[in-house]
Amino acid sequence: MLDLANKRLVFGLTGGIACYKVAELLRRAKDHGATVDVVMTSAAEQFITPVTMQALSGRPVFTNLWDARPSDNMAHIQLSRNADAILIAPASTDFIAKLAHGFADDLLSTLCVAKGHCPLLIAPAMNREMWAHPATQRNVERLRQDGVIVLGPDSGDQACGETGDGRMLEPQQLLSELIAFFSRNLLRASGS
Ligand SMILES: Cc1cc2nc3c(=O)[nH]c(=O)nc-3n(C[C@H](O)[C@H](O)[C@H](O)COP(=O)(O)O)c2cc1C
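Counting from 3, one number per residue, gives the positions in the sequence shown under our numbering.
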């Protein structure tokens, strides 16, 4: 069943090892009928290439605020206007801090500030100490208060060799969360 049929998503990738998992998530989201535009921070490009994400999405990937490809030069506005939801995965410590404070100094952060009513979901992924840091916890709480949906993180083995909270949810879990998010919205819209 195409649970994400007609859904237009923006996947925002930030700088963490878990970027590799989003390649799989993208493939599965497409299998479920979604159209996905990918936006990457320059740190994310250290972990996975735009070429991979373009090949998997079948659409141009955006990495640069000053990209001249959109006719009005404003990818940061156009991408969210056409989207049913934005998912930041992995969401780095740094990007969560930027989101919580409304920074807009690259394409992905500017897009998130300019998104209007487009729903924003984030999947944090970081070392357990970064997750436990009081600033990160404050920032995540602030984002929840702003209506951002926080998916995970999970607990377990981490890429750095430590064990604890901060692992990004697996692609299948993120896919299920996305599908559940749209089903809840549908129920709400139908008044059930
Ligand atoms: C090998 C390596 C792995 C990293 N993994 C993570 C990570 O999983 N989570 C995280 O929050 N930061 C991680 N970082 C640090 C971020 O990449 C760094 O804070 C960067 O500035 C994030 O930029 P962005 O938020 O613009 O994508 C890692 C850095 C390196 C060098």
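Yeah, the Cβ is synthetic: ideal placement off N, Cα and C, and Gly gets one too.
Predicted, not measured: the structure shown is a model, and the values here were computed from it.
Can you tell which of Ala116, Arg30, Leu101 and Gln174 has the C-alpha that lies nearest to the C-alpha of Ile124? Against the sequence shown, residue 124 aligns to sequence position 122. With distances taken between Cα atoms, Ile124 lies closest to Leu101.
Which of the three DSSP states is assigned to Met128 in this structure? Here residue 128 corresponds to residue number 126 of the sequence shown, with the count starting at 1. Three-state result, Met128: coil.
Among all the DSSP beta bridges, which residues are the ones paired with Met42? Here residue 42 corresponds to residue number 40 of the sequence shown, with the count starting at 1. BP columns for Met42 point to Leu15.
Nearest-angstrom Cα distance between Thr165 and Pro136? Residue numbering aside, residue 165 sits at position 163 when the sequence shown is read from its first letter. Residue numbering aside, residue 136 sits at position 134 when the sequence shown is read from its first letter. For Thr165 and Pro136, the distance between alpha carbons rounds to 19 Å.
Arg140 in three-state terms, based on DSSP: Position 138 of the sequence shown, counted from the start, is the residue given in the question as residue 140. Three-state DSSP puts Arg140 in a helix.
Cut-off 6 Å between Cβ atoms - residues of its own chain near Ile151, not counting five sequence neighbours on either side: Position 149 of the sequence shown, counted from the start, is the residue given in the question as residue 151. So the list reads Leu123, once near-sequence residues are dropped.
Tell me the start and end of each unbroken beta strand (DSSP E) in the segment 42 to 117 that is at least 3 residues and wholly inside, in chain order. 87 to 93
Contact the segment 145 to 161 vs the segment 38 to 48: 3+ CB pairs below 8 Å: no
Taking 8 Å as the threshold (C-beta atoms), are Leu15 and Pro121 in contact? On the sequence shown, position 119 is the one that residue 121 refers to. On the sequence shown, position 13 is the one that residue 15 refers to. For Pro121 and Leu15, no; Cβs fall outside 8 Å.
Proximity test, Met3 beta-carbon vs ligand 1 heavy atom, cut-off 7 Å: By 1-based counting over the sequence shown, the position of residue 3 is 1. Flag unset: Cβ of Met3 not near ligand 1.
Please tell me whether, using a cut-off of 7 Å, the distance from the CB of Asp96 to the nearest non-hydrogen atom of ligand 1 is below it. By 1-based counting over the sequence shown, the position of residue 96 is 94. For ligand 1, at least one heavy atom lies less than 7 Å from the Cβ of Asp96.
One question on the structure: do Pro173 and Lys23 come within less than 8 Å of each other, judged by their Cβ atoms? Translated into positions along the sequence shown, residue 173 becomes position 171. Translated into positions along the sequence shown, residue 23 becomes position 21. Taking 8 Å as the Cβ cut-off, Pro173 and Lys23 qualify as a contacting pair.
So the beta strand (DSSP E) Thr159 belongs to, where does it begin and stop? Sequence index remark: in the sequence shown, residue 159 carries index 157 (1-based). Thr is not the amino acid found at residue 159; the sequence shown has Asp there. Note, Asp159: beta strand (DSSP E), Asp156 to Asp159.
Is Pro62 near ligand 1, in the sense that its beta carbon is under 7 Å from a heavy atom of that ligand? The count along the sequence shown starts at 1 and reaches residue 62 at position 60. Not so, every heavy atom of ligand 1 lies at least 7 Å from the Cβ.
Between which two residues does the beta strand (DSSP E) holding Asp5 run? Here residue 5 corresponds to residue number 3 of the sequence shown, with the count starting at 1. Element bounds for Asp5: n/a, residue is neither H nor E.
Assigned secondary structure, Leu122 (DSSP; H/G/I helix, E/B strand, else coil): Here the question's residue 122 lines up with position 120 in the sequence shown. Correct three-state label for Leu122: strand.
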